[in-house]
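Numbering (this note's numbering), first residue to last: 1 to 258.
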């Protein structure tokens, strides 16, 4: 069983690092290709491409300038500790034990616009490059063309190392679009998290993101290797609802108040 998550826009490079274990990304040369393209753009062009403010565009132009293919303790940190958005608030990786991080390293992959695929303890440098960005490159007009079959092939390799060949999709639609189901040698299960609001159950982005991270944490803390065991997830009041689920979409619902 392998879980995939999206990365986060918010980054943390100041909090203490809680593990000395680190690995290197698989696609460093390809990441360098993208950095080369981005370095050729002005902050104004970056802002227009990514639809971000001038200060953010300036910040990321500097990040691309500073980026080095030589990742070390001085300029990088482990991906699961660097990402700091809603998903990672739910994951709580800094509070994990060495054993839990080891399980995460084996059973989790983070999809990335710049790095393609990251293991939790892969070193990464600060960047912003969402998977949906239409960045022209030698392979086509966007990052989906750039990464092609590479991400899927890497996931297949990771899945093959486990007895259960299931991919648990806890990533967003934007990021999971880089995975090619026709080439994936695994069954895909997508957990969906819904809240009761306005007389019906619906997905609320903020809560859904946190729940995805919390489920990944649940898998690591309990050393889960079979996807069916994820149906026992009841963190923050969610419960698996078999009546509205099927073989590929598992719905978890909670009703905090009417």
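Note that CB positions come from ideal geometry on N, CA and C, so glycine has one too.
{"Asked": "N-terminal and C-terminal residue of the alpha helix (DSSP H) that residue 319 is part of", "Found": "Residue 319 falls outside the range modelled here, since the chain spans only 1 to 258, and no answer is possible."}
{"Asked": "Closest Cα partner of residue 116 within the set 231, 25 and 12", "Found": "25"}
{"Asked": "At least three beta-carbon pairs within less than 8 Å, the segment 137-145 to the segment 91-106", "Found": "no"}
{"Asked": "Proximity of residue 1 and residue 166 at Cβ, strictly below 8 Å", "Found": "yes"}
{"Asked": "Backbone CA spacing between residue 45 and residue 29 [nearest angstrom]", "Found": "24 Å"}
{"Asked": "Option nearest residue 78 by Cα separation, candidates 217, 119, 205 and 34", "Found": "119"}
{"Asked": "Candidates 170, 131 and 180: closest to residue 150 by CA position", "Found": "180"}
{"Asked": "Cα-Cα separation between residue 138 and residue 36, rounded to whole angstroms", "Found": "12 Å"}
{"Asked": "Other residues of its chain near residue 238: CB distance less than 8 Å, five sequence neighbours each side excluded", "Found": "193, 211, 252, 253 and 254"}
{"Asked": "Run of the beta strand (DSSP E) containing residue 168, from where it starts to where it stops", "Found": "166-170"}
{"Asked": "Inter-stretch contact at 8 Å, needing at least 3 Cβ pairs: the segment 65-77 / the segment 171-190", "Found": "no"}
{"Asked": "Neighbour-count burial assignment, residue 178, 16 or more Cβ in a 10 Å radius", "Found": "buried"}
{"Asked": "Burial state of residue 133, where buried means 16 or more other Cβ atoms lie within 10 Å", "Found": "buried"}
{"Asked": "Length of the line joining the Cα atoms of residue 256 and residue 18", "Found": "34 Å"}
{"Asked": "Residue 152 beta carbon less than 8 Å from that of residue 111", "Found": "no"}
{"Asked": "Span separating the alpha-carbon of residue 70 from that of residue 215", "Found": "33 Å"}
{"Asked": "Short Cβ contact (8 Å threshold) for residue 76 with residue 131", "Found": "no"}
{"Asked": "Residues near residue 57 by beta carbon distance below 8 Å, same chain, minus five either side", "Found": "43, 44, 46, 47 and 50"}
{"Asked": "Environment of residue 200 [buried if 16+ CB atoms lie within 10 Å]", "Found": "exposed"}
{"Asked": "Residue range of the unbroken alpha helix (DSSP H) whose run includes residue 237", "Found": "Run containing residue 237: none; DSSP gives neither H nor E here."}
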